[in-house]
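The listed protein sequences correspond, in order, to chains A and B. Counting in the numbering used here, the first sequence runs from 1 upward without gaps. Counting in the numbering used here, the second sequence runs from 291 upward without gaps. Yeah, the Cβ is synthetic: ideal placement off N, Cα and C, and Gly gets one too. The structure presented is a predicted model; accordingly, all values stated were derived computationally and were not measured.
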Amino acid sequence: MKSSSTIFLAAFIALSASWAAFVLVPQIQLGRADQAKTVPAEDKYPVARAGLAAQGAEVYRSLGCVYCHSQQVGQQGVKVEVVLFDAGTNTSTTLAAIAKVNPEINKPETITGLPKEIARVADIAASDALVKAVTAVGGKVEVNVIPTGSDISRGWGKRRTVAQDYIYDSVVQPGTRRAGPDLANVGSRLADPNWQLNHLYAPKSVLKDSVMPSYRFLFEKRKIGKVASAEALKLTGDSAPAAGFEIVPTDKARQLVAYLLSLRSDAPLFESPVTPPPAPAPSTNTVAAK
Amino acid sequence: MTATSTPSPKQIDSSCRLPLFTLFSGAAVWLVMSCVFGIAASMTFHKPDIFAECTVGTYGRAYPAWSHLLVYGFAIPSGLGVGLWLLARLGRVEVAKPFVISIGAKLWHAGVLVGLVGIMNGQTSGYEWFELPRYAAVILLLAFMLMAIWAFVTYSRRNEESLYPSQWFTLASLFWFPWIFSTTILLLQFFPVRGVVQSSVAWWFAGNLLNVWLTLSGLAATFYLLPKLTNRPLQSHYLALFVFWTVLIFGTWTGIPMHSPLPAWMSTLSSAAAVMMIVPMLALASVVFLTTIGAKTACGGGLLCFSKFGVLSFNLATLAAAIAACPAIARITDFTWFNHGHTTLRLYGFFAMTMFAAIYYILPKVSGVEICPRRIKGHFWVAMPGALLLAVPMIIGGIKQGLKLADMSAPFLDSTKVAMLGFRIGTLGEVLIAIGALIFLANVLLSIISHYRVIAKSAIADATAKQPTEVRL
Numbered sequence: 001m002k003s004s005s006t007i008f009l010a011a012f013i014a015l016s017a018s019w020a021a022f023v024l025v026p027q028i029q030l031g032r033a034d035q036a037k038t039v040p041a042e043d044k045y046p047v048a049r050a051g052l053a054a055q056g057a058e059v060y061r062s063l064g065c066v067y068c069h070s071q072q073v074g075q076q077g078v079k080v081e082v083v084l085f086d087a088g089t090n091t092s093t094t095l096a097a098i099a100k101v102n103p104e105i106n107k108p109e110t111i112t113g114l115p116k117e118i119a120r121v122a123d124i125a126a127s128d129a130l131v132k133a134v135t136a137v138g139g140k141v142e143v144n145v146i147p148t149g150s151d152i153s154r155g156w157g158k159r160r161t162v163a164q165d166y167i168y169d170s171v172v173q174p175g176t177r178r179a180g181p182d183l184a185n186v187g188s189r190l191a192d193p194n195w196q197l198n199h200l201y202a203p204k205s206v207l208k209d210s211v212m213p214s215y216r217f218l219f220e221k222r223k224i225g226k227v228a229s230a231e232a233l234k235l236t237g238d239s240a241p242a243a244g245f246e247i248v249p250t251d252k253a254r255q256l257v258a259y260l261l262s263l264r265s266d267a268p269l270f271e272s273p274v275t276p277p278p279a280p281a282p283s284t285n286t287v288a289a290k
Numbered sequence: 291m292t293a294t295s296t297p298s299p300k301q302i303d304s305s306c307r308l309p310l311f312t313l314f315s316g317a318a319v320w321l322v323m324s325c326v327f328g329i330a331a332s333m334t335f336h337k338p339d340i341f342a343e344c345t346v347g348t349y350g351r352a353y354p355a356w357s358h359l360l361v362y363g364f365a366i367p368s369g370l371g372v373g374l375w376l377l378a379r380l381g382r383v384e385v386a387k388p389f390v391i392s393i394g395a396k397l398w399h400a401g402v403l404v405g406l407v408g409i410m411n412g413q414t415s416g417y418e419w420f421e422l423p424r425y426a427a428v429i430l431l432l433a434f435m436l437m438a439i440w441a442f443v444t445y446s447r448r449n450e451e452s453l454y455p456s457q458w459f460t461l462a463s464l465f466w467f468p469w470i471f472s473t474t475i476l477l478l479q480f481f482p483v484r485g486v487v488q489s490s491v492a493w494w495f496a497g498n499l500l501n502v503w504l505t506l507s508g509l510a511a512t513f514y515l516l517p518k519l520t521n522r523p524l525q526s527h528y529l530a531l532f533v534f535w536t537v538l539i540f541g542t543w544t545g546i547p548m549h550s551p552l553p554a555w556m557s558t559l560s561s562a563a564a565v566m567m568i569v570p571m572l573a574l575a576s577v578v579f580l581t582t583i584g585a586k587t588a589c590g591g592g593l594l595c596f597s598k599f600g601v602l603s604f605n606l607a608t609l610a611a612a613i614a615a616c617p618a619i620a621r622i623t624d625f626t627w628f629n630h631g632h633t634t635l636r637l638y639g640f641f642a643m644t645m646f647a648a649i650y651y652i653l654p655k656v657s658g659v660e661i662c663p664r665r666i667k668g669h670f671w672v673a674m675p676g677a678l679l680l681a682v683p684m685i686i687g688g689i690k691q692g693l694k695l696a697d698m699s700a701p702f703l704d705s706t707k708v709a710m711l712g713f714r715i716g717t718l719g720e721v722l723i724a725i726g727a728l729i730f731l732a733n734v735l736l737s738i739i740s741h742y743r744v745i746a747k748s749a750i751a752d753a754t755a756k757q758p759t760e761v762r763l
């Protein structure tokens, strides 16, 4: 290599290639994403955070919760269940139709005691043939799409998270480490604000052998005045304050909890379907209302 | 140019003095500070409530402070200092505008301090390896440009036309950093992109910083030092060139983790690149093997030990990253301490150790004062086990953690608990590294102080020697 221009050219070409692929292309592909419709309910998703929850996102970032908690759910596959609701008027034709697609379930029990799961297939495309065959002879079937994987078995979400889930987040913190559980859906899993406050103040008060650090600096310990504050934490055992004192969450603590309760990414989307859809979100404004 | 205008090595070394003193002394101070935060962060795993009342020590701030100081405080300034000296020495030219470069270095250190204060106040950007708030990032970018421009001018004024591999590596590193850093500042902090594009930019940056920048800057030193220390020629320039190309071509694609909400093609590309990093790793291993085999120099805890251990760590870290990029293994190791383990091996085992070797090699030439070999050896024998004790238990703990995470019958907390032992040993490693860092700081500061003391002494001697004659006149 004689001339230095070769060095710079090499560096330029190498770096601009990865720059184009990992900066430019994602920006073109995803950078302008907008609200999408959920499937099949057609609700707008996601909804931007407002008020306390939006402020709480800043608290979450500033305290570096991301170094221990991820916010992304993985999925290894889907389980597609075909549930027969109605075998139609002529059950034998229905059975014959089912048998044609899936000979294994050619048993008379298949169409008794409905509704019941009659087949489990690998993907949605495979269920289509069955659905078509049964509806053609007047039967009624439904297909349940249930994502699977270790994150989902741990109860961290109903489906994998996708780019759409994050479009209103800034700073996006998907995280790379799980010293603690994934928090992508913590708002639907642990929706009680008092639990969250107690947990932040003294993790061991809600989970005996927790190793999460406690965030006592987000709370204020003060002498109980004429009347005890309604906001004071209800603590027992070791973590309870001395008699005559109470523990009151600061604004930061309330913002953070509002944010945690807003974390929920399980709306069924086209690119990540879940049926039947999860129950609607509980109100996350209980803390805000205080 | 004519031979007469070529400055002597002594002149070149003394032209480097001001910038190098500033860069290295600051780097040593930040390294010690970073260890303090590293130890504080790891205390959380011994006693989770230790910083319950203290925002400065809380894990989510101590940890980014550790990585910020290690990368921006220690690694980049020491890499820049070594690179600057290499460009001057190999080009047989005095450093251009050393005073301006030393101002750049001071500005850089000031930016690191501002960043640290920002992180402590909760103004972290929230992206791993790019923790500094934007006002600090802008200072660092300006400071880097100031230094890089004059480093480049130094290079272009060179008297020696033919290029040595270390120059390619250094030049590419001078070019790489401003690009990735300015892209990231613009797209994450000034005109933030939306949604997961942010993660994409941040991971691209981290991959390029850790796998390309550190590699370029570290190997520039390795390729210079190995032949010098073993008194044998580099075997061979072509292989070194091959390492250069493959690091650029593959390294720049690393960074996107296997599990992420980004489109799958991105993590697939990135993982393939991490696996391909085995190619430069093997080439590097052969360069080192061919260059040092049959060398008479005993390593004995001296500079050669630092440098060889650096290469070994680079290879281990690259191998671990490549293994963890295979989908079946990533399913276990992603989200665990595994990746953190090999990254620390890269930072402490490879980069820091290589820089120690280079700085111990360069500093005596620049200051004119030898460093006591026993203090260098002492440093090696605490830093080397320290790096291993920090990284290896974390890698093993990560695997155990991953197996527990994948085991649905095990409660979640088990996965955190099995990694605890790794952490407890890791704290010991961090303490050893901290002791090493203190020795390093002492070595650097003593060199600088003795340099000025020698100057002061000779000035006094001059003055007293002259006086009698003056009096007589």
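Sequence-distant residues of its chain with Cβ nearer than 7 Å to A:Ala255 (five each side left out):
The question names Ala, yet the displayed sequence has Gln at residue 255 of chain A. So the qualifying residues of the chain are Leu52, Gln55, Gly56 and Val59.
Under 8 Å between C-beta atoms, does A:Pro181 make it to chain B?
yes
Listed by chain order, chain B residues near A:Ala232 by CB distance under 8 Å:
Scanning chain B for C-beta atoms nearer than 8 Å to the C-beta of A:Ala232 yields nothing, as the closest lies near 18 Å away.
To test your reading of the DSSP string, which unbroken alpha helix (DSSP H) runs of 4 or more residues are found completely within the region 151–224 of chain A?
186–189, 193–201 and 203–206
Top-ranked residue by Cα proximity to A:Thr135, from A:Ser3, A:Thr89, A:Pro26 and A:Asp192:
A:Thr89
Quick one: what's got a C-beta closer than 6 Å to A:Val141's C-beta in the same chain, skipping five residues either side?
Within the same chain, A:Val141 has close Cβ partners Val82, Leu84, Val131 and Val134.
Contact set for B:Ile686: own chain, Cβ-Cβ below 7 Å, skip 5 residues either direction
Gly712
Cβ-based burial, A:Gly237 [other Cβ within 10 Å; buried from 16]
exposed
Near-chain A residues of the region 617–629 of chain B - C-beta to any C-beta below 9 Å:
Arg621, Asp624, Phe625, Thr626, Trp627 and Asn629
Taking the alpha carbon of B:Pro423 as the point to measure from, which residue in B:Gly405, B:Leu431, B:Ile649 and B:Phe481 has its own alpha carbon closest?
B:Gly405
Have a look at B:Leu703 and A:Gly74 and give me their C-alpha separation to the nearest angstrom.
19 Å
Cβ separation of B:Leu431 and B:Ile475, assumed to be a contact under 8 Å, to the nearest whole Å:
That pair is a contact at about 6 Å.
Verify the CB distance criterion: does B:Phe467 have a CB-CB separation below 8 Å to chain A?
Chain A, which has no Cβ nearer than 8 Å to the Cβ of B:Phe467, makes this no.
Cα-Cα separation between A:Asn144 and A:Thr93, rounded to whole angstroms
24 Å
Taking Cβ to Cβ, would you say A:Tyr168 is nearer than 8 Å to A:Pro46?
yes
One or two residues paired with A:Gly77 in a DSSP bridge:
According to DSSP, A:Gly77 shares a beta bridge with A:Thr148.
Is it true that the region 652–662 of chain B meets the region 593–607 of chain B, where meeting means three or more beta-carbon pairs spaced less than 8 Å apart?
Between the region 652–662 of chain B and the region 593–607 of chain B, the count of C-beta pairs closer than 8 Å stays below three; the two stretches do not touch.
Please look up how many angstroms separate the CB atoms of B:Tyr454 and B:Leu516, rounded, as I've assumed it's under 8 Å.
The Cβ separation is near 12 Å, so there is no contact.
Below 6 Å CB to CB, which residues in the same chain sit around B:Tyr353 once its five sequence neighbours on both sides are set aside?
Ala331
Cβ distance (whole Å) where B:Gly498 is taken to contact B:Trp466 below 8 Å:
According to the sequence shown, residue 498 of chain B is Asn rather than Gly. So it is a contact: roughly 7 Å between Cβ atoms.
Using a Cβ-Cβ cutoff of 9 Å, what residues of the region 27–53 of chain A are near chain B? List them in chain order.
From the region 27–53 of chain A, only Gln27, Gln29, Leu30, Gly31, Arg32 and Ala33 have a Cβ closer than 9 Å to chain B.
Contact defined as beta carbons within less than 8 Å: I believe B:Thr505 pairs with B:Arg382. What is the distance between those atoms, to the nearest angstrom?
The Cβ separation is near 26 Å, so there is no contact.
Is it true that the region 335–348 of chain B meets the region 210–220 of chain A, where meeting means three or more beta-carbon pairs spaced less than 8 Å apart?
yes
Suppose you measure from the CA of B:Gly764 to the CA of B:Leu678; what does that come to, to the nearest Å?
Nothing about residue 764 of chain B can be read from this structure; chain B reaches only from 291 to 763.
Neighbour-count burial assignment, B:Asn411, 16 or more Cβ in a 10 Å radius
exposed
Less than 8 Å between the CB atoms is what I'm expecting for B:Trp440 and B:Ile391, so what's the real figure, rounded?
With a beta-carbon spacing of about 5 Å, B:Trp440 and B:Ile391 fall inside the 8 Å limit used to define contacts.
Counting only runs of 4+ residues fully inside the region 21–85 of chain A, write out the alpha helix (DSSP H) ranges in chain order.
25–30 and 51–62
Indicate whether at least one CB of chain A lies closer than 8 Å to the CB of B:Asp339.
yes
N-terminal and C-terminal residue of the beta strand (DSSP E) that A:Val248 is part of:
Phe245 to Pro249
Among A:Val101, A:Thr176, A:Pro103 and A:Val206, the one whose alpha carbon lies nearest that of A:Cys65
Just measuring C-alpha positions, the residue of A:Val101, A:Thr176, A:Pro103 and A:Val206 sitting nearest A:Cys65 is A:Thr176.
So what does B:Lys690 bridge to, in DSSP terms?
Answer is none; B:Lys690 lacks a bridge partner.
If you measure from the beta carbon of A:Ile7 to each beta carbon in chain B, is any gap under 8 Å?
yes
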